[in-house]
Structure formats: C-alpha cells, structure tokens
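Okay, structure first, notes after.
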Amino acid sequence: MDLPSRILQEAVDQLATLPGVGKRSALRYALHLMKEDEQHVRDLSEAIMHLKTHLHHCRYCHNVSDTEVCPICSSEKRQRGIVCVVENVQDVMAIENTQQYRGLYHVLGGVISPIDGIGVHDLEIASLLRRIETGDPAPVEEVVLALPTTMEGDTTNYYLNRQLQPLGVRVTTLARGVAVGDSLEYTDEITLGRSILHRIPFEG
C-alpha cells in the first residue's frame, strides 16, 4: 500500500503488526488517531508504554498482574488446593467470567505443537511441577486440565497427566460440554461454567 506520507506509512506499518490488523484497518486507525485530540493520543501512547514497562506475569501462575503475585494467587478466599491449567491469559478471564470456579490457575503460555516448533521446554510446565512438589504457594490436591480440545491440546494433556501421576495429585479435565476443536476464550459462559462444575477424572 503506497501512501502519500512517509509518516503515515510508518504509523500504518506499525499498527499492521498487531494481531488481526491488516493494512486497510491500520490505515483507518492511523487516520482516526490523526483526527483525535493530541492529549488523547498522548494518553493512549502512555498507556501502551505503561503496559509494556509495568505489567508483570505472576510468579506462581503466570497470569498478568500489576504486582509480583496476582490477586488470585494471593487471595485466601480461593480454593488453594485446586489448580486449573490453561493455555493462555484469555482462558483465565473466560473461566473467571463463569463465576463457577474458585481455585487457582496455571498459565502454560501455549500447548505442545511440534509443527509450530513449540516443545515442552517452551511452556511453563516445569514451574507447574515445581508448584506441586514444593506446595508453594499452597499444597495442591487437584489439577484441572482445561486446555483446548484440539490435537495439540490433547497431546499436552497426555504429557501433563504422565508427569503429574507420580506426584499423587488428582487429575481432572473439563466435561465435554466444550465442543471438540473449540478454544475456551470463545466458549459461552454457561457451557464453560458447567464444564468446570462437572469436571471428570482425566483418562490418559
């Protein structure tokens, strides 16, 4: 896309690096920002920089947090003996929106996918096993595998189950109210809530 302004072109090129944003959408956003009040654009820029420099990943569950330990992991009101393993931060938000789960979380940061070059050591699996072995931040009695119902998700489930069995924790998974191939992020809250409530023992 050839534009009459180098400055506009640079803005479009940067906006187009965002997920799901093509060149046309990037141009529309850039032209919109150009019309906005300067203070509004400054506030947006500062919010993005603040996001980059001050947002953390929780030292225990790897969810996003303003502090070293996220509010969920630090809450004494949660069922601290249950840890729900999810693919990404969006899945934590999806499950929290159901208001049916009161345990803790562990965000893997992806699933095992050899075709994408993602292996065991690219994920937060070692830290999950360490949590269970040390009981930090709390002793774990049950691990809920809430990964996508895809080939990659199932592969990761099977691997985790093999690693967890010797540690003496109960391993469960979501009831299959979640359709095969669906991401939790896009599953409706009622279905996801029921799947959490009626979780079943994981069978490898």
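Be aware that the sequence shown starts at 3, since it is given in the working numbering, and climbs by one per residue. Using N, Cα and C, we set each Cβ at its ideal position, and we do this for glycine too. The structure presented is a predicted model; accordingly, all values stated were derived computationally and were not measured.
Return the Cβ separation of residue 88 and residue 149 in integer angstroms, given the expectation that the two are a contact with Cβ distance under 8 Å. For the purposes of this step, residue 88 is taken as residue 86 along the sequence shown, with counting starting at 1. For the purposes of this step, residue 149 is taken as residue 147 along the sequence shown, with counting starting at 1. Between residue 149 and residue 88 the Cβ distance is about 7 Å, and since that is below 8 Å, they are a contact.
Measure the C-alpha to C-alpha separation of residue 65 and residue 57 and round it to an integer number of angstroms. By 1-based counting over the sequence shown, the position of residue 65 is 63. By 1-based counting over the sequence shown, the position of residue 57 is 55. So the two alpha carbons sit approximately 10 Å from each other.
Span of the alpha helix (DSSP H) around residue 106: Within the sequence shown, residue 106 is the residue found at index 104, counting from 1. Careful: residue 106 lies outside any alpha helix (DSSP H), inside the beta strand (DSSP E) at 105–109.
Along the chain, where does the alpha helix (DSSP H) containing residue 55 start, and where does it finish? Here residue 55 corresponds to residue number 53 of the sequence shown, with the count starting at 1. 40–56 is the extent of the alpha helix (DSSP H) around residue 55.
Would you identify the three-state DSSP class for residue 115, choosing helix, strand or coil? Residue numbering aside, residue 115 sits at position 113 when the sequence shown is read from its first letter. It is a strand residue.
Spatial distance of residue 97 from residue 7 (CA atoms): As a first step, residue 97 is located in the sequence shown; it is residue number 95 there, counting from the start. As a first step, residue 7 is located in the sequence shown; it is residue number 5 there, counting from the start. Looking at the two C-alpha atoms, the distance is approximately 45 Å.
State the beta-bridge partners of residue 101 as determined by DSSP. Here residue 101 refers to the residue found at position 99 when the sequence shown is read from its first residue. BP columns for residue 101 are empty, so no partner.
Please report the residue range of the alpha helix (DSSP H) in which residue 164 lies. Numbered from 1 along the sequence shown, position 162 holds the residue referred to as residue 164. Where residue 164 is concerned, the enclosing alpha helix (DSSP H) stretches over 153–166.
Around the C-beta of residue 175, are 16 or more other C-beta atoms found within 10 angstroms, so that it is buried, or is it exposed? Within the sequence shown, numbered from 1, the residue matching residue 175 stands at position 173. Buried.
Could you give the distance in angstroms between the alpha-carbon of residue 20 and the alpha-carbon of residue 86? Against the sequence shown, residue 20 aligns to sequence position 18. Against the sequence shown, residue 86 aligns to sequence position 84. Answer to the nearest angstrom: the Cα atoms are 29 Å apart.
With residue 86 as the anchor, note down where its beta strand (DSSP E) starts and where it stops. Numbered from its first residue, the sequence shown carries residue 86 at position 84. Counting along the chain, the beta strand (DSSP E) containing residue 86 begins and ends at 81–88.
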